[in-house]
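Shown next, in structure tokens, is the structure this report addresses.
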Amino acid sequence: MPTIANNARLRTKTGCISCRQRKKKCDEVRPRCGGCCHVLMECLWPTSQHLLEDGRRRMRSKRSPRPESKTSTSNEDKSSPRSPTIATEGPTKPNEIPNNNQLSNYTTDLWSNHAVVSLNGNGADDLFRYYVKQFLPCLIHERSHPRFHNGSYWINLALGNDTVMEAALACAATSISYMVSSDRKTVMRTRQRALTHQTAAIRAIRRCIELGSVNGTEDWLLGTVVLLTILANRDLSCPAWTRGTHVRAIMQLLKCRQAARMVDFTRAECNPEALHVIFERKCYESLLYHGTIMMTYDPNFDALVSNEAWQMIDGYFQTSLLPTDEKWESWPVLGVPYKLFRLIVTISNLARRSPLGEEDLAIAALAITELHQWVNVVALNPSSPGRLYVLAAKILLEDVLSRQPEGISLKDSVQADIQCFVNEISAITVTPLFSKYNLWPLSIIQHIATDVGAKRIIKDRITATLRLIDGCGVMEVSQERLDRFVGMPGLQYTMGISKDVI
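As numbered in our numbering, residues 4 to 505 make up the sequence shown, in order.
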């Protein structure tokens, strides 16, 4: 990492290191300043070590020590720099990231080093600690590439932005409420806390939109909406249309980011290891994961059905700096290549139609061909999570075709494949790793299966999966929460409905 010489002639006190070395004035816009964007350079920001090397700032800090209210460190913490106690300075504007280099340096390794973070009291400390140590890591697959396990970008977004922090605390409170589900008073108190934080985050976003202070390309805004989507999909009181609204918002923000890059090519990133590049990859995969789940919840959710949506999604992955191969380590959220999710969306949309027209049957024929290709891919890796996805997608498509007058013979094939699916999951131990992959395929088979024994086995697996969804384990899974993944009203077909199929 570059260092700052004591005799360097710095043009700004808080600018990025890259601009300092080039002796250019930095506009101090994080995570990538305008100067670095213009010359396509990596934008590096100073850490506490750099501040120590900057002689001018060291002398000033001796003459004017920091006020106690801004940063307080106990004697014990001073001897243990990896466990700092950090206090926020008060409300921060949603589109403003504090230029607190020491804070940024401390929080970089919060995830891996389990630093103790102190916010502004009222129980926020414990909630944010849970968010950092339990909630965030469990959103990423254990077997994904190590680059995806660096959670510092998400942590710093929350520490630098009140709106992201509100959404983060809401997610943590909701997750904790499921862990203590046998204590009704605690559950109600924790969920009320989650609702308070959720409402604050939504109000802040609305206020920024009304004031025109956002353009849709802000990382804090995208991160907040992704967290609100995760929260909505776990909140039993959240109606389906609200969950769909959050997913559509993710898509709209990603469109804004793509449009901005087309207008200004200097926004394009060249470093695949840059944290904001990895952040955006997780957001695209979150869109597909939650959008696919939403199709099982809500029969009116069609945000992923249009060609326009997939032009945007294909455009991103086809030009991605990060790998897009079949290896599951390349997919931190999905666990499988995004093209398999596109096939799932196509088949899910066919499941909503009855009877199928000629165009639908042609699309179904192409889907069958693509499914056979995926069968060959997952056969090369028996432990791949794609196996259950492919098998469930095949069963769903066969079930759709069996409803056709000429497809009655497929009913036996459907039940035989369901038995194969049950045999597979019976041999799999439900762990936190399993829970991240398989809610969709489990829900599909539970919906289609007719054998009582098979339905019971799958229902038990869904229950165990929900119990471990955050990697901690909950004491109880409510019937209401279970029904969300069993009923699947989103894939109930309606006579005469005609929708675009991608």
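For each residue, glycine too, the CB sits at the ideal point set by N, CA and C.
Output yes or no for whether 7 Å exceeds the beta carbon distance between residue i and residue j.
i                 : j              : result
leucine 230       : alanine 170    : yes
valine 480        : arginine 487   : no
arginine 177      : leucine 139    : The residue asked about is misnamed: residue 177 is threonine in this sequence, not arginine. No, Cβ-Cβ distance for threonine 177 and leucine 139 is not below 7 Å.
glycine 38        : lysine 26      : no
phenylalanine 344 : leucine 290    : no
leucine 130       : leucine 162    : no
isoleucine 143    : histidine 152  : yes
aspartate 363     : arginine 355   : no
isoleucine 421    : alanine 367    : no
lysine 397        : leucine 374    : yes
alanine 252       : valine 228     : yes
glutamate 427     : serine 416     : no
valine 425        : isoleucine 460 : yes
For residue i, does the count of other Cβ atoms within 10 angstroms reach 16, so buried, or fall short, so exposed?
i              : result
leucine 239    : exposed
methionine 182 : buried
histidine 200  : buried
serine 351     : buried
glutamine 512  : As shown, the chain starts at 4 and ends at 505. That puts residue 512 outside it, with no answer to give.
threonine 468  : buried
leucine 266    : In the sequence under discussion, the amino acid at residue 266 is valine, which differs from the leucine named in the question. Exposed.
arginine 209   : exposed
valine 403     : buried
leucine 369    : exposed
proline 149    : exposed
alanine 204    : buried
lysine 188     : exposed
proline 326    : exposed
serine 3       : Given that the chain is displayed from residue 4 to residue 505, the structure contains no residue 3 and the question cannot be resolved.
Among the options, whose alpha-carbon lies nearest the alpha-carbon of residue i?
i                 : options                           : result
isoleucine 347    : Pro302, Glu329 and Leu307         : Leu307
phenylalanine 282 : Gly360, Leu324, Leu353 and Glu483 : Leu324
glycine 490       : Met315, Thr299 and Glu213         : Thr299
glutamate 288     : Glu276, Glu401, Gln321 and Trp334 : Trp334
threonine 295     : Arg132, Gly493, Thr372 and Glu31  : Gly493
serine 155        : Ala175, Arg146, Tyr134 and Cys174 : Tyr134
lysine 414        : Val190, Gln314, Ile451 and Asn426 : Ile451
asparagine 384    : Ala197, Cys423, Glu329 and Val217 : Glu329
valine 280        : Thr322, Cys241, Gly18 and Asn310  : Thr322
Within its chain, find whatever has a CB closer than 6 Å to the CB of residue i; leave out the 5 residues flanking it on each side and keep chain order.
i              : result
tryptophan 223 : Leu160, Asn164 and Val167
leucine 257    : none
arginine 35    : Cys46
leucine 278    : Tyr156
serine 72      : With a pLDDT of 34 at serine 72, under the threshold of 50, the modelled position of this residue cannot be trusted, and the question is left open.
arginine 390   : Val381
Residues in its own chain within less than 8 Å of residue i by CB, not counting five upstream and five downstream?
i                 : result
glutamine 255     : Gly219
glutamate 483     : Leu239
serine 446        : Thr299, Ile465, Phe488, Val489 and Met491
aspartate 301     : Ala243, Trp244, Arg246, Gly247, Pro492 and Gly493
tryptophan 443    : Thr295, Ile296, Thr299, Ile347, Tyr392 and Ala395
methionine 315    : Met254, Leu257, Lys258 and Gln261
phenylalanine 320 : Tyr287, Thr327 and Tyr341
Skipping 5 residues on each side, what residues in its chain have a beta carbon closer than 7 Å to that of residue i?
i                 : result
histidine 293     : Thr232, Asn236 and Val250
phenylalanine 304 : Gly247, Met297, Met298 and Gly493
serine 387        : Trp331 and Val381
glutamine 407     : Pro358 and Leu359
Within 6 Å: the Cβ of residue i and any heavy atom of the ligand NAD?
i          : result
valine 135 : Absent from the structure shown: the ligand NAD. Ligands present: none.
Would you verify that the beta carbon of residue i is, or is not, closer than 7 Å to some beta carbon of chain D?
i            : result
arginine 194 : Absent here is chain D; the protein component of the structure consists of one chain.
inquiry  = Going residue by residue through the stretch 141-169, where are the continuous alpha helix (DSSP H) segments of at least 4 residues, counting only ones entirely within it?
reply    = 155-163
Minimum length 4: unbroken alpha helix (DSSP H) runs contained in the stretch 236-284 = 243-266
task = For the stretch 313-378, list the alpha helix (DSSP H) runs that are entirely contained and at least 4 residues long, ordered along the chain.
result = 341-354
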